[in-house]
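K.L.:
Residue numbers for the sequence shown follow this note's numbering, beginning at 6 and rising by one. Dumping the structure here so I can ask a few things about it.
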Amino acid sequence: MSNQLRDRLDSVIERIERARKGFSHHHIVKIVAVTKYSDSSTVEALYNLGQRTFGENRVGDLEEKNAILINLPIEWHFIGTIQTNKINKLLSLKPSLIQSIDSVKTAEAISQRLQNGENISALLQINGGREIQKSGIEPELAEETYHEILEKFPNIKLKGVMTIGTHTDEVNKIAESFNLTRKIFEKVQSKGASICSMGMSGDFEIAISEGSNMVRLGSVLVK
Ligand SMILES: *Cc1c(COP(=O)(O)O)cnc(C)c1O
Numbered sequence: 006m007s008n009q010l011r012d013r014l015d016s017v018i019e020r021i022e023r024a025r026k027g028f029s030h031h032h033i034v035k036i037v038a039v040t041k042y043s044d045s046s047t048v049e050a051l052y053n054l055g056q057r058t059f060g061e062n063r064v065g066d067l068e069e070k071n072a073i074l075i076n077l078p079i080e081w082h083f084i085g086t087i088q089t090n091k092i093n094k095l096l097s098l099k100p101s102l103i104q105s106i107d108s109v110k111t112a113e114a115i116s117q118r119l120q121n122g123e124n125i126s127a128l129l130q131i132n133g134g135r136e137i138q139k140s141g142i143e144p145e146l147a148e149e150t151y152h153e154i155l156e157k158f159p160n161i162k163l164k165g166v167m168t169i170g171t172h173t174d175e176v177n178k179i180a181e182s183f184n185l186t187r188k189i190f191e192k193v194q195s196k197g198a199s200i201c202s203m204g205m206s207g208d209f210e211i212a213i214s215e216g217s218n219m220v221r222l223g224s225v226l227v228k
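Spelled out as structure tokens, the structure:
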């Protein structure tokens, strides 16, 4: 398994490298390995290949893998929909980054549940493709919402934006949704934003060519 994983990771790194250089030679893209389809032994194998940042979209799965791999200095990201009744559990696992705050209401719910003196790093999720079934804030409201969260909830350290590319085969449409999110990212950079999380297995090269500096990769690494 480890050899196959190594080949997949190598090939992904090469593809990212090519896309990154096409965008700019001075551009670093961070890989978040999404392990929602795999078990903790796969996480450990990827860790042994040098991968340090992992993403999960269910609190229960994050809890389970975190418990098994507690001795590894893994940076866990939460990338899934935030359910109010799971926030306490999620915060107790102390993820490095919550990528999926999608409203002021969710931010408030998280803020209220943080202990005194605690804070959490997070991204604002944007519905760049304006798809009804997808979570994320509407692009038109994103900048305003970003500022509102920063002002109202000082214990939430907003570090940037996240989006899921439009679900279509049309490259133009996908690129457009990434471009929209990147423009929002550029506007909030003056407020300290440094992360633009865009791109999954099927579209990460398009995302990088639109300025993504964080890709969330699952199936291209592990099936
Ligand atoms: C599952 C998931 C990914 C990874 O998806 P792949 O297409 O398997 O790379 C990335 N981001 C989010 C939010 C996800 O839920």
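The beta carbon of each residue, even a glycine, is placed where N, CA and C say it ideally should be. Quick caveat, the model's predicted, so the values are computed rather than measured.
Using the beta-carbon count (16 or more within 10 Å), is G61 buried or exposed?
P.N.:
As a position in the sequence shown, residue 61 is number 56, starting the count at 1. In the sequence as presented, Gly is not what sits at residue 61; that position holds Glu. It is buried - the Cβ of E61 has at least 16 other Cβ atoms within 10 Å.
K.L.:
Note down the Cα distance separating D15 from Q117, rounded to an integer number of angstroms.
P.N.:
In the sequence shown, counting from the first residue as 1, residue 15 sits at position 10. In the sequence shown, counting from the first residue as 1, residue 117 sits at position 112. Straight-line Cα distance between these residues: approximately 42 Å.
K.L.:
Measuring alpha carbon to alpha carbon, tell me which residue in L51, G55, T40 and A50 is nearest V64.
P.N.:
Sequence index remark: in the sequence shown, residue 64 carries index 59 (1-based). Among L51, G55, T40 and A50, the Cα nearest to that of V64 belongs to T40.
K.L.:
Does the beta carbon of R63 fall short of 7 Å from some heavy atom of ligand 3?
P.N.:
You won't find ligand 3 in this model; what it holds is ligand 1.
K.L.:
Any chance the CB of I84 is under 7 Å from a heavy atom of ligand 1?
P.N.:
Against the sequence shown, residue 84 aligns to sequence position 79. I84: yes, Cβ under 7 Å from ligand 1.
K.L.:
Which whole-angstrom value describes the C-beta separation of K215 and F183, a residue pair presumed to lie in contact below a C-beta threshold of 8 Å?
P.N.:
The count along the sequence shown starts at 1 and reaches residue 215 at position 210. The count along the sequence shown starts at 1 and reaches residue 183 at position 178. The sequence shown places Glu at residue 215, not Lys. About 4 Å separates the two Cβ atoms, so the contact holds.
K.L.:
Would you mind reading off the limits of the alpha helix (DSSP H) that contains L185?
P.N.:
Within the sequence shown, the letter at position 180 stands for residue 185. Unbroken alpha helix (DSSP H) run through L185: V176 to V193.
K.L.:
According to the Cβ coordinates, are E136 and H172 closer than 8 Å?
P.N.:
To locate residue 136, count along the sequence shown from 1; it is residue 131. To locate residue 172, count along the sequence shown from 1; it is residue 167. Yes. Within cutoff.
K.L.:
By DSSP, does A112 sit in helix, in strand, or in coil?
P.N.:
The residue you call residue 112 lines up with position 107 of the sequence shown. In this structure, A112 counts as helix in the three-state DSSP scheme.
K.L.:
Taking 7 Å as the line, does the beta carbon of L4 fall inside it for any heavy atom of ligand 1?
P.N.:
Look at the range of the chain in this structure, 6 to 228, and you will see that residue 4 is not part of it.
K.L.:
For the beta strand (DSSP E) that R221 lies in, which residues bound it at each end?
P.N.:
By one-based count along the sequence shown, residue 221 stands at place 216. Per DSSP, R221 belongs to the beta strand (DSSP E) from M219 to L222.
K.L.:
Could you say which of V227, A212 and E156 lies nearest to V176 if we only look at CA atoms?
P.N.:
Locating residue 176 in the sequence shown gives position 171, counting from the first residue. Cα-wise, what sits closest to V176 is A212.
K.L.:
What does a CB cutoff of less than 7 Å around I200 pick up in its chain, not counting 5 residues either side in sequence?
P.N.:
As a working note, residue 200 is residue 195 in the sequence shown. Excluding positions up to five away in sequence, the list reads L128, K164, G165, N218 and M219.
K.L.:
To the nearest angstrom, report how far apart L98 and A50 are at their CA atoms.
P.N.:
Within the sequence shown, the letter at position 93 stands for residue 98. Within the sequence shown, the letter at position 45 stands for residue 50. Those two C-alpha atoms are separated by around 22 Å.
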